[in-house]
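Single-structure report; data block below.
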Amino acid sequence: MNNYIKRLEEYAMNAFPAITTNLYDGWILRFSNGYTYRGNCITPLYPSTDSLETKIKHCEDIYRLRNQPAIFKLAETMNPDLDPLLVKLGYQRAKDVIIMTQSLSDLDSYETELVHIEHYFLDQWLKDFCILNNTTDSISQNTIAQSFHTIETPVYCASIYQNGEMVACGLGVKENDHIGLFDIRVKDSYRRQGFATKICAAILKEGQSDGATTAYLQVASANQIARNLYSKLGFHPEYTYWYQVKEF
Numbered sequence: 113m114n115n116y117i118k119r120l121e122e123y124a125m126n127a128f129p130a131i132t133t134n135l136y137d138g139w140i141l142r143f144s145n146g147y148t149y150r151g152n153c154i155t156p157l158y159p160s161t162d163s164l165e166t167k168i169k170h171c172e173d174i175y176r177l178r179n180q181p182a183i184f185k186l187a188e189t190m191n192p193d194l195d196p197l198l199v200k201l202g203y204q205r206a207k208d209v210i211i212m213t214q215s216l217s218d219l220d221s222y223e224t225e226l227v228h229i230e231h232y233f234l235d236q237w238l239k240d241f242c243i244l245n246n247t248t249d250s251i252s253q254n255t256i257a258q259s260f261h262t263i264e265t266p267v268y269c270a271s272i273y274q275n276g277e278m279v280a281c282g283l284g285v286k287e288n289d290h291i292g293l294f295d296i297r298v299k300d301s302y303r304r305q306g307f308a309t310k311i312c313a314a315i316l317k318e319g320q321s322d323g324a325t326t327a328y329l330q331v332a333s334a335n336q337i338a339r340n341l342y343s344k345l346g347f348h349p350e351y352t353y354w355y356q357v358k359e360f
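Take the position in the sequence shown, starting the count at 1, then add 112; the result is the number in this note's numbering.
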């Protein structure tokens, strides 16, 4: 596997820690109470020795016991024999995602005066974040809080409030010289006002001032509006990953 892809995958996993993580012969098994694919998937990130068939069955047994589907996260250069085997075993491809990156340069032209950034997770920010993300069940809300509070690297909790209501938010997580953008959200009635650009630019500015030289993000390949926004901000595609899912 491309070493830079491996590095970005490690950064992204550290930026959203699973509630529980198991290592199995080079594969990373993540469990987060069923909240999101990325928090509950198998990532074959490192070389392994056991047969693919043996490993797939072992993983399926573990997730079945948790009443969860088996979800494999695969990138373009991850184990080329695994993807066709999963298809043969009845897995369905879902949620193609593009990783985009950019080398940070001059960000002064972006207006960010409406954006407020905290470097820790306030209870009110987490509550409003869940509301804006339409995360209403208590299990998912608690999972988000637990995961976020275990991030070990600098965080940038960005928000825009209008009339006492969070109408836009985003999360930045910095590790070494990279900063990742996550969960950029804008309330429907406040879209097309440049709030997403302001949130992204504010996080990138703060990260750059703290030593970040490169930014990365994850965007659904089908979300052309978001892809256009990020392209205007200077991001370009780095690689694609997708999920193979088997329900039990």
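Glycine included, C-beta positions come from ideal geometry on N, C-alpha and C.
Query: Minimum C-alpha distance to residue 169 - residue among 136, 150, 190; Result: 136
Query: Residue 178 - partner residues in DSSP beta bridges; Result: Answer is none; residue 178 lacks a bridge partner.
Query: Distance, residue 166 Cα to residue 341 Cα; Result: 43 Å
Query: Whether residue 155 touches residue 200 by CB criterion (9 Å); Result: no
Query: Proximity of residue 330 and residue 210 at Cβ, strictly below 9 Å; Result: yes
Query: Spatial neighbours of residue 142 in its chain, beta-carbon cut-off 7 Å, leaving aside the 5 residues before and after; Result: 130, 133, 151, 152, 153
Query: Beta carbon of residue 187 nearer than 9 Å to that of residue 287; Result: no
Query: Span separating the alpha-carbon of residue 297 from that of residue 190; Result: 30 Å
Query: Residues near residue 323 by beta carbon distance below 7 Å, same chain, minus five either side; Result: 289
Query: Bridge partner(s) assigned by DSSP for residue 230; Result: 269
Query: Residue 144 vs residue 255 beta-carbon contact at 9 Å; Result: yes
Query: Of the residues 360, 291, 337, the one placed nearest residue 121, counting alpha carbons only; Result: 291
Query: Supposed contact pair residue 212 and residue 347 - C-beta distance, whole angstroms, cut 8 Å; Result: 4 Å
Query: Length at least 3, wholly inside the stretch 301-350: the beta strand (DSSP E) runs in chain order; Result: 326-332
Query: Cβ neighbours of residue 357 in the same chain (closer than 7 Å, five flanking residues each side left out); Result: 181, 183, 203, 204, 206
Query: Closest residue to residue 230 among 318, 124, 119, 334 (Cα-Cα distance); Result: 318
Query: Start-to-end residues for the alpha helix (DSSP H) that takes in residue 239; Result: 235-244
Query: Sequence-distant residues of the same chain with beta carbon closer than 8 Å to residue 172, five excluded per side; Result: 182, 358, 360
Query: Distance between beta carbons of residue 295 and residue 312, contact taken as under 8 Å; Result: Not really, about 11 Å apart at Cβ, beyond 8 Å.
Query: Delimiting residues of the alpha helix (DSSP H) encompassing residue 219; Result: Counting along the chain, residue 219 falls outside any alpha helix (DSSP H), and DSSP gives it neither H nor E.
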